[in-house]
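In what follows, a structure is listed as structure tokens, so that the remarks can point back to it.
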Amino acid sequence: MLKKGDRVKWRCIRSGRCCSTGPNVALTVYDVCRIARYLGVDWRELRGKYILAIVADMIAIPVLRGVGDGLCAFLKKEDGVPTCSIYPVRPMRCRLYPFHPASPSRRDIVYFDTYCPGYGCGDEVEPPWSLLKEYYREVEFQYRRLYELVFKEGYEPLEALEKLIDEVYSCF
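Each residue of the sequence shown is one higher than the last, beginning at 4 in my numbering.
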């Protein structure tokens with residue numbers, strides 16, 4: 004666990020471990036829209052092939068789809084090196100890795116995955132606090148709006164998620 008001011012020796016060594024231990028990457032609706040725009044498709048074309056929805060306690064959560072052995076559907080190999088085919092718009096959780104948000108109520112704390120092969124390599128770095136702030140903004144909006152759609156406006160969980168993605172997608 005790291006707090007503001009803490010540093011950790013870390014550098015991405017492109018091992019691909021972060022992209023091959025899932026599928027467990029929750030997406031924000033903004034992630035879905037960024038990926039769709041980058042690929043030049045309507046977001047609905049991502050369903051099933053790249054993105055799934057998991058319903059947990061009446062809230063639908065979009066997640067990256069894995070393809071065998073926990074590999075991310077966007078993970079490719081170029082000359083034997085793991086490469087993300089959507090790297091410029093990779094999901095927030097991927098951008099943050101190996102740093103993991105602790106809680107929206109504890110924004111001054113972040114967890115660090117010491118199993119990341121880049122741990123102990125490179126220079127000491129601080130957690131990406133500004134990116135964490137943006138992530139929390141996206142997540143808070145998403146869950147607040149999904150709650151409204153499901154519990155106040157009567158949408159079923161998957162319908163609420165699709166409506167929210169449509170709302171955000173139209174603003175991109």
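For every residue, glycine included, the Cβ atom is placed at its ideal position computed from N, Cα and C.
Rounded to the nearest angstrom, the Cβ distance from V66 to L42 is 17 Å, too far for a contact under 8 Å. If you compare the alpha carbons of G83, G51, L161 with that of V70, the shortest gap goes to G51. Judged by their CB atoms, V35 and Q145 are not nearer to each other than the 8 Å cut-off. Residue E143 holds the alpha-carbon nearest to the alpha-carbon of S108 among E156, I54, E143. V113 sits away from W13, with the two beta carbons spaced by 8 Å or more.
The beta-carbon distance between F77 and I89, rounded to whole angstroms, is 5 Å. This is short enough to meet the 8 Å contact definition.
Annotation: Y118 is outside any beta strand (DSSP E) and is labelled neither H nor E by DSSP. Counting C-beta atoms within 10 angstroms of its own C-beta, C15 has fewer than 16 neighbours from the protein chains shown and is therefore classed as exposed. By the beta-carbon neighbour count (other beta carbons within 10 angstroms, threshold 16), R96 is buried.
By the 16-neighbour rule on beta-carbons within 10 angstroms, V171 is buried. Residue burial is scored here from C-beta neighbours: E81 has fewer than 16 other C-beta atoms within 10 angstroms and is therefore classed as exposed. DSSP places C36 inside the alpha helix (DSSP H), whose first and last residues are 32–42. Here the alpha carbons of P91 and P120 stand approximately 22 Å from one another. A check of alpha carbon separations from A59 across K136, I168, V153, L167 identifies V153 as the nearest. For the pair R40 and M61, the Cα-to-Cα distance works out to about 28 Å. If you ignore the 5 residues before and after R98, its C-beta comes within less than 7 Å of the C-beta of L134, all in its own chain and listed in chain order. Secondary structure remark: continuous beta strand (DSSP E) runs of at least 3 residues inside the segment 89–145, in chain order: 102–106, 109–115, 122–128.
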